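Its first residue numbered 1, the sequence shown is counted upward by one per residue in the UniProt record's numbering.
Comments concern the structure below.
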Amino acid sequence: AHGHMDFPLCTLRYFPSNIQHTIQWARNQFEDLFTRRAEDTNKFLRDPTFFEKEGMETWEMLNLVKMSLKEPPHCWQDCVGWARKLWERLFCHDILQLLYNYPPEHETNSGLPFWSGSKRCPHQLQFDYNNTTHKNFIVFASHLFAKTHRLLVHEDEATTFQVLLELHFPPFQPHKGMHIPATDEEIPTLPNQTRLEELKQEWGKLKEELERDSDLLSGHMEPLYFEK
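Put into structure tokens, the structure is as follows:
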């Protein structure tokens, strides 16, 4: 799905060990959030049956398409809220889930430390508005999100600060049954049948909603393409 990916998927998603891995991870995030999501939404609006023709990976994009159509941003505050939630997921909750599945003291079946060699034990971050890197992530992601939704926004630092101040997240709750593959060989190649059935039902519902609510059909998006 991603261009330029010479690294194992597991390494990029869960176990990066050098700067090249983290750069490629960020590039993949950009493509998923600002390129493929917009492309898939536009494809769906042109031809709602395209999900049936594509494989499981595109089925998994259905949720993003649904959010793009049903929860579009209307102002700068909406974009900041979206970016802040994204930050919390990527740099806090996803890391905590990884550490829940593989705690720092976790051992392999042969009794060796799991977090050793190229597997570097991560730690979650806590958002800090005074940290320039944290703040820049929110501002840049908000602009990109607005652009994919063809929304003209006026960035305002006071508003950004207010939104971030008022946003609170519930404490992290681990997904107890969630499987995180330790190697690419453990990544399931065949979709879970139950999940596939659920997705088909969701897709049917979304198609009906589109037929009933013509406003949703105006949700054409602008895919962004990464430029160095």
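We treat Cβ as the ideally placed atom computed from N, Cα and C, and that holds for glycine.
Note that this is a predicted model, so its numbers are computed, not measured.
* Could you have a look at glutamate 222 and say whether DSSP puts it in helix, strand or coil? => coil
* To do: Name, in chain order, the residues that DSSP records as bridge partners for proline 113.
  => Glu107
* **Start and end residues, alpha helix (DSSP H) containing glutamate 88** => 76 to 88
* Asked: Is the segment 107 to 121 in contact with the segment 14 to 31, if contact means three or more CB pairs nearer than 8 Å?
  -> yes
* Asked: How do the segment 193 to 201 and the segment 107 to 114 stand: do at least 3 beta-carbon pairs fall below 8 Å, yes or no?
  -> no
* Taking histidine 74 as the reference, give the member of Glu202, Arg150 and Ala158 with the closest Cα. => Arg150
* Taking only beta-carbon positions, decide if methionine 61 is within less than 8 Å of chain D. => In the displayed structure, chain D is absent; only one protein chain is listed.
* Which residue spans inside the segment 101 to 180 form an unbroken alpha helix (DSSP H) run of at least 4? -> 132 to 148 and 157 to 166
* Contact set for leucine 167: own chain, Cβ-Cβ below 7 Å, skip 5 residues either direction -> Gly81 and Arg84
* To do: Could you spell out where the alpha helix (DSSP H) holding threonine 22 opens and where it closes?
  => 19 to 30
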